[in-house]
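Scroll down for the structure; my scribbles are underneath it.
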Amino acid sequence: MEWVKTVGKESAKRELKKSRLYFIIPKSKELYYNWGICEKTITLSSIAIILMVIFAFLADNMPYYTFIGFIILYIAYILGCLLTLIRDVKYFRLISKGTEEIAKGNFNLYIDTKGNRDLSNLAGNINSVKIGYKKALEEHVKNERLKSELISNVSHDLKTPLTSIITYVDLLKREDSTEEEKEDYIKILDSKAKKLKVLIEDLFEVSKINSGKLELAKEKVDIVDLIYQVLGECSNFYEEKHIDFKLKSFASEVVLNLDGKQISRVIENVVSNALKYSMENTRVYIDIENGDNEVIISFKNIASYEMNFDVEEIFERFKRGDESRNSEVEGSGLGLAISKSIVELHGGEMRIEKEGDLFKVFIALKLQQRGIINE
């Protein structure tokens with residue numbers, strides 16, 4: 085007997101799955117939940133009115149039990165509408181409360197987006213606006229901080245050589261200074277004046293790049309030869325620190341269409357930083373690789389100090405890997421910012437990575453046309 089009941093139930097389930105109701109009911113439910121507030125209100129109100137009109141016409145001729153059943157059905161329908169309305173009102177209040185919290189500055193709050201279509205869309209839009217505003221606020225705070233640092237660093241870097249120049253000029257004016265002392269003072273004055281000149285030139289260069297006035301004079305340049313030239317010019321410096329540069333390229337000649345003078349400046353800046361900040365008696369590896377429609381130049385060196393800076397901020401103006409402004413390391417702190425801008429003007433990308441004491445710089449230069457690389 086139990087077996088017959090089980091077979092009967094299974095048969096009924098199969099018949100139900102075959103029927104249109106099996107597909108219509110879930111689809112209707114999905115359609116109902118996807119309705120907006122206006123569509124839902126109009127539809128539910130229309131159904132209530134239609135049921136009331138039908139009831140008014142048929143009430144006199146309707147059997148007692150049918151009359152009672154209709155009343156119960158109508159009450160159940162009204163209760164269902166009220167429950168739907170209550171649920172939507174509760175969700176609206178949740179959104180309203182969430183909006184108030186966000187307005188107070190609680191940007192970590194997330195408003196749930198499950199519910200009525202219009203209300204969930206509203207919640208989603210509020211979340212998007214909140215995320216956008218949070219990013220804009222963080223960017224604004226960061227820019228204000230960088231602006232403050234910029235003013236402070238510019239003042240410091242301009243004041244330091246100027247103070248030295250004024251001091252040594254006063255020493256030169258002294259009548260009791262010997263000729264040998266005066267020669268030393270003049271050498272120091274010359275060094276400080278050149279440092280000041282480099283800083284001012286870098287400031288003008290940044291201004292020119294930001295205003296879009298820097299024009300590139302592109303030509304065919306062998307990037308391998310260009311790097312060797314820069315290394316040759318710096319040979320005295322890296323021999324003093326016993327730093328060995330190792331250059332490896334996928335081809336003996338890698339000819340690209342670029343501004344040789346500007347890219348040379350970029351390479352010189354990266355090599356100069358490697359000389360300043362590399363640990364003595366170590367190697368700096370330079371690899372030139374053929375990427376997907378681009379040439380990737382990587383520089384890797386072991387830092388002589390703890391790299392506790394943010395790689396995203398190292399490209400900011402006047403930002404140095406060594407945070408101390410009183411460091412003996414020369415430099416305006418503008419080199420990487422200028423280099424990144426020059427690479428981007430060429431349609432390329434410059435990025436930095438750090439892994440423990442290993443410092444990496446990657447320069448990706450786009451190939452303007454096929455067949456420009458000669459192997």
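Under this note's numbering, the first residue of the sequence shown is numbered 85, with each subsequent residue one higher. From the three backbone atoms N, C-alpha and C, an ideal C-beta is built for every residue, glycine too.
Cβ-based burial, residue i [other Cβ within 10 Å; buried from 16]
i, result
"V213", "exposed"
"D196", "exposed"
"E299", "exposed"
"S411", "Any reading at S411 must be qualified, since the residue scores a pLDDT of 46, below 50, and its modelled position is unreliable; no value is offered."
"M434", "buried"
"V445", "buried"
"V427", "buried"
"I447", "buried"
"L460", "The requested residue 460 is not part of the displayed model; the chain covers only 85 to 459."
"K198", "exposed"
"D406", "Note on D406: pLDDT 49, under 50, position unreliable in the model; the coordinate value appears next. Result: buried."
"S408", "The predicted position of S408 is uncertain, since its pLDDT is 46 and thus under 50; no value can be drawn from it."
"N320", "exposed"
"H430", "buried"
"E259", "exposed"
"E264", "exposed"
"L105", "Since pLDDT at L105 reaches only 47, below the 50 mark, its modelled position is unreliable, and the value read off the structure follows with that caveat. Exposed, by the Cβ-count rule."
"N357", "buried"
"E285", "exposed"
8 angstroms contact criterion, which residue i and residue j should meet: CB distance rounded
i, j, result
"V225", "A421", "Actually they are not in contact, since the Cβ atoms of V225 and A421 sit about 20 angstroms apart, beyond 8 angstroms."
"F334", "N377", "14 angstroms between Cβ atoms; not a contact."
"C318", "L359", "6 angstroms"
"V354", "S423", "7 angstroms"
"C165", "A132", "7 angstroms"
"N385", "F443", "5 angstroms"
Distance CB(residue i)-CB(residue j) smaller than 9 angstroms
i, j, result
"I370", "F383", "yes"
"I436", "V379", "no"
"L135", "Y161", "yes"
"K276", "S248", "yes"
"V41", "I293", "This structure gives no information on residue 41, because the portion of the chain shown stretches from 85 to 459."
"L418", "G432", "no"
"L273", "L246", "no"
"I170", "L203", "no"
"S348", "L287", "no"
"L331", "L451", "no"
"S388", "S362", "yes"
"K218", "F191", "yes"
Quiz item: Taking contact to mean at least 3 C-beta pairs separated by less than 8 angstroms, is the region 332-344 in contact with the region 300-307?
Solution: Because the criterion of three Cβ pairs below 8 angstroms is met, the region 332-344 and the region 300-307 touch.
Quiz item: Taking three-plus beta-carbon pairs below 8 angstroms as touching, is the region 352-369 in contact with the region 325-333?
Solution: yes
Quiz item: Considering only residues of the region 342-404, which uninterrupted alpha helix (DSSP H) runs meet the minimum length of 4 residues and lie entirely inside it, listed in chain order?
Solution: 344-361
Quiz item: Would you call the region 178-198 and the region 207-223 in contact, with 3 or more CB pairs under 8 angstroms?
Solution: yes
Quiz item: At which residue ranges does the region 269-311 contain complete beta strand (DSSP E) runs of 3 or more residues, listed in the order of the chain?
Solution: Listed in chain order, they are 303-306.
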